[in-house]
Every structure is written in C-alpha cells, then in structure tokens.
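Colleague: Questions regarding the structure given below will be posed in turn.
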Amino acid sequence: MTEATAVRKAVPRIGLSTAGAGRMTDLGALAGLGPDSLEVCACGPGEWPRVARFIRSASLPVGLHCPVPYEGRLREFQITGPTSEGRRVALDLVRRTLEAAVDASAAYVVVHFPTPHPRPIGPPPRPEGADGDTPEALVDAGARLAELQQLFGVPLFVENLSYHPRFGSATDYRAFFEAFPTLRMCLDVGHAHTSIHGEDVYDFVAGTGEFISSVHLYNTQDDGPDAGRHQVPLPAQTPGDGWIDLPRLMRTLARHARPEYVVLEHVTGQPDAGSAYASTRWLRELTQELPWN
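When you line the sequence shown up against our numbering, it's residues 183 to 475, in that order.
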C-alpha cells in the first residue's frame, strides 16, 4: 500500500441521507449524484422490498436510520421514557431495524438516544425522575441496545440529542460509550450545536471524538425561529450569524475523531438533487484537504 493510499483510506466516506433529498427512496438516483455511501431514513413497508434489493446489490455501503421500515412519521420514541410499554415499543423498533439491516446487508443502523425532548421554553426542566427518564432507565436502555447489537452483529451508532434535561453533554456520552464499548456514536452536528448542556459543538467533538464512527452533517443556527432546522450546508454560512463554522468543525473532527461516514442530512421539502450534489462536492473537497488521523 502506498503512503497516499493509506492517507486516503482515513478520509471519511461522504454520504447522502434520503432525508437530504426530499426523503427520496430512489437510491439509484441518489447514488448517481456521486456519494461514497447512502443512508435510508423514512422508508415504508411497501417500499422496503425494492430498497432492500438495491442495498444487497449496491457497490457502496448503505446504512439505515431507525425505524426502517416504518409507515408514516414517527411521533415518539420513548427509549428511556416514563412507561415500560413505551420503552418496549422503542426497543422493538430498534430490533426491527436491525433485522432489516441483516436482511438487506446494510452497513450500520443509527438510533436516537436518549428519548427525544422538545426544545425547552419557559421554566427549568422538571426534577430528576419526574418524566421517567431516571439514571436507571438510561443505563437499562443502553444495556439493551448493546445486547441487540451483539445479537444481530450490525454496527449500531447512537445519535446524540440536544434537549434532554439530564443527559447530553460530552461527559455524559463519554461515560455511556465507556460503559457500552460495542456501541459507537453518530455525531449529529446540529444537535450538538443547539445543546442545552453548556458546551459548543467543537468542545463536544473534542470530548467524544474517539467514539465517533459517523456524522450527520447539515448547518443550523443556535438561536431564533430556525434553530435546529436542517439547512443545506453552504460556504457562505458564518458563525457570526449563529451558524456552525463547518470548516472549523471539520478540522476539529480531523484532529479528534476518525469517522468512517460523514452523511449529509439537510432536509428539503421536495427532492433537491442540485443542492445534494453541490453539498457533496464541497464537502468532499473540504475533507480531502484535512490531515485525518
């Protein structure tokens, strides 16, 4: 292997999520835009057989974002929530997605953790245990995710979230992955940017980098009515306007992490091949310029 080849191998694959192209499930069309990988988000049972056939025969890796297959929009995912039934339903969705991944030979599965919470408005979060997300529930859910990963043998990437009142800092996630070392992190950059836990996205990456295997990349502002929205990443977006400084973020990732996948996950209302293609090209140019570990 030449030195140039060895360096190139460390550069992340630049991927596209179906969320980043109007939730397209025509994976052949998305693959034609030139990504190195794909990620399936929001695929119904009726579409799944066709999507699974594509994944089995694809020349590039394809991951699944839990829940897949699933009809409609997921309204709640109570993986650490207040009732045993809610937790059971959430874990069953993870199990079904892992089963689908095995069936289709998908590269990995992404799952949100812990239970998603809305952006806080008004008074401070309720006291510990008031909503059922106790420390014991967090640990139990992590153990069950680790068991499912071992059972199915598919890489399981845990995606960080913004607004849980007691879990979400780099320290929290570091302790989680140290406790469950077979699980890996999917860094959602917007969730880290809008986190309520007192650190910016760059410090979050520095604190969790060794666990990061994949990245959901888009841009977003940290305040105002558009805070948290998955916007197309563009070179003109500046931190002075509340945007993530994407070149700085990528430099931080190159210094502290070694993700295999960087997946564009901006959300558009309709299929938007133009923005997906342009973002893929810009991101690839940016990543290839960096000294990845």
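Ideal placement from N, C-alpha and C gives every residue a C-beta, glycine not left out.
Given the structure is predicted, the values throughout are model-derived calculations rather than measurements.
Using DSSP's beta-bridge definition, name the partner residues of F339.
Modeller: Its beta-bridge partners are V292 and R366.
Colleague: Could you tell me which whole beta strand (DSSP E) segments of length 3 or greater appear in the region 236 to 265?
Modeller: Entirely contained in the region 236 to 265, the beta strand (DSSP E) runs reaching 3 residues are, in chain order, 244 to 247.
Colleague: Could you pull out every unbroken alpha helix (DSSP H) segment of at least 4 residues lying fully inside the region 388 to 462, listed in chain order?
Modeller: List check, alpha helix (DSSP H) in window: 428 to 438.
Colleague: As a quick exercise: from V397, S377 and A288, pick the residue whose alpha carbon is nearest that of V340.
Modeller: The shortest Cα separation from V340 among V397, S377 and A288 belongs to V397.
Colleague: CA-CA distance, T200 and F358?
Modeller: Between T200 and F358, the C-alpha separation is close to 29 Å.
Colleague: Compute the Euclidean distance between the alpha carbons of T462 and L242, then round it to the nearest angstrom.
Modeller: Each residue's alpha carbon lies about 15 Å from the other.
Colleague: Under a Cβ-count criterion, where at least 16 other Cβ atoms within 10 Å of its own Cβ denotes burial, should E494 be classed as buried or exposed?
Modeller: The structure shown does not extend to residue 494, since the chain is modelled only from 183 through 475, so no value can be given for it.
Colleague: Give the secondary structure of T268 by DSSP, where H, G and I count as helix, E and B as strand, and everything else as coil.
Modeller: Correcting the residue identity first, residue 268 is Gly in this sequence and not Thr. The answer is helix: DSSP assigns G268 an H, G or I state.
Colleague: On the criterion of 16 or more Cβ atoms from any shown chain inside 10 Å, does S395 qualify as buried, or is it exposed?
Modeller: Classification for S395: buried.
Colleague: Are the region 385 to 393 and the region 435 to 444 in contact at 8 Å, needing three or more beta carbon pairs?
Modeller: The region 385 to 393 is in contact with the region 435 to 444.
Colleague: Rounded to the nearest angstrom, what separates L330 and E258 at their Cα positions?
Modeller: One C-alpha to the other measures close to 20 Å.
Colleague: Between which two residues does the beta strand (DSSP E) harbouring E221 extend?
Modeller: E221 -> beta strand (DSSP E) spans S219 to C223.
Colleague: Taking all protein chains shown into account, decide if P415 is buried (16 or more other Cβ within 10 angstroms of its Cβ) or exposed.
Modeller: Buried: at least 16 other Cβ atoms inside 10 Å.
Colleague: Kindly identify the DSSP beta-bridge partner or partners of R195.
Modeller: Y443, per the DSSP bridge assignment.
Colleague: Go through its chain and collect everything with a Cβ distance to P300's Cβ below 7 Å, but skip five positions before and after it.
Modeller: So the qualifying residues of the chain are Y345.
Colleague: Return the Cβ separation of Y478 and R232 in integer angstroms, given the expectation that the two are a contact with Cβ distance under 8 Å.
Modeller: The question about residue 478 has no answer, for the chain in this structure spans 183 to 475.
Colleague: Since I believe T279 is in contact with P249 (beta carbons under 8 Å), could you give me their beta-carbon distance rounded to a whole number of angstroms?
Modeller: With 8 Å as the limit, P249 and T279 qualify as a contact, their Cβ atoms being about 6 Å apart.
Colleague: Beta-carbon within less than 6 Å of A262's beta-carbon, same chain only, minus the 5 sequence neighbours each way: which residues are those?
Modeller: The sequence given here has Thr at residue 262, not Ala. Excluding sequence neighbours, T262 sits near P296, T297, D315, A319, L320 and A323.
Colleague: Which value, in whole angstroms, describes the spacing of the CA atoms of A289 and Q332?
Modeller: Roughly 15 Å between the two C-alpha positions.
Colleague: From the DSSP output, in three-state form, read off W464 for me.
Modeller: Helix.
Colleague: Whose C-alpha, out of G228, L198 and G210, is nearest the C-alpha of D218?
Modeller: Measuring from the Cα of D218, the nearest candidate turns out to be L198.
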